[in-house]
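Asker: One structure, pasted below without further comment.
Residue numbers (my numbering): 8 to 111.
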């Protein structure tokens with residue numbers, strides 16, 4: 008094979024690999040959890056901890072937020088983060104659900 012053919016073949020393979028990487032990266036961005044999701048409803052999840060029904064969850068306090076929960080998988084300062092209870096979905100840092108467990 009000539010050097011030119013090798014070069015063109017290499018360029019096309021690099022372009023294909025780059026396109027695949029972009030597609031995988033786009034798919035990796037998880038969607039924000041919908042409050043109407045059956046799992047979210049079952050756990051009383053809300054995006055805003057101040058919107059929790061006090062009569063249904065009397066032990067809830069406004070200081071309890073996903074961002075300071077042991078299950079929260081986001082970084083400090085992130086608006087959303089992962090939670091193993093809602094696989095593939097992002098929860099709000101200011102959110103809350105009945106599985107809340109304060110970070111140690």
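Note that beta-carbon positions come from the ideal geometry of N, C-alpha and C, so glycine has one too. Quick caveat, the model's predicted, so the values are computed rather than measured.
(1) Just to confirm my understanding: we take residue 40, look at its own chain, exclude 5 residues before and 5 after, and list those with CB closer than 7 Å. What are they?
(2) Is the distance from the Cβ of residue 77 to the Cβ of residue 111 below 8 Å?
(3) Please report the straight-line C-alpha distance between residue 81 and residue 89, rounded to a whole angstrom.
(4) Within the continuous alpha helix (DSSP H) that includes residue 69, where are the two ends?
(5) Indicate whether residue 7 and residue 60 have their beta-carbon atoms separated by less than 8 Å.
(6) Assuming contact is defined by CB atoms lying nearer than 8 Å, are residue 50 and residue 86 in contact in what I supplied?
(7) What separation, rounded to the nearest whole angstrom, lies between the Cα atoms of residue 34 and residue 69?
(8) If I measure Cβ to Cβ from residue 63 and keep anything under 7 Å in the same chain, skipping five residues before and after, which residues do I get?
(9) Bridge partners of residue 38, per DSSP?
Answerer: This is what the structure gives:
(1) In the chain shown, counting from the first residue as 1, residue 40 sits at position 33. Result list for residue 40: 47, 52, 93, 96, 97, 98, in chain order.
(2) In the chain shown, counting from the first residue as 1, residue 77 sits at position 70. In the chain shown, counting from the first residue as 1, residue 111 sits at position 104. Cβ atoms of residue 77 and residue 111: closer than 8 Å.
(3) Position 74 of the chain shown holds residue 81. Position 82 of the chain shown holds residue 89. Those two C-alpha atoms are separated by around 6 Å.
(4) Counting from one through the chain shown, the residue named residue 69 turns up at place 62. Where residue 69 is concerned, there is no enclosing alpha helix (DSSP H), given that its DSSP letter is neither H nor E.
(5) With the chain covering 8 to 111 only, the question about residue 7 has no answer from this structure.
(6) Position 43 of the chain shown, counted from the start, is the residue given in the question as residue 50. Position 79 of the chain shown, counted from the start, is the residue given in the question as residue 86. No, they are not a contact pair.
(7) Within the chain shown, residue 34 is the residue found at index 27, counting from 1. Within the chain shown, residue 69 is the residue found at index 62, counting from 1. With a pLDDT of only 43 at residue 34, under 50, the local geometry of the prediction cannot be trusted, and the value read off the model is given with reservation. If I take the Cα positions, the gap works out to 34 Å.
(8) Counting from one through the chain shown, the residue named residue 63 turns up at place 56. 51, listed in sequence order.
(9) Sequence index remark: in the chain shown, residue 38 carries index 31 (1-based). BP columns for residue 38 point to 96.
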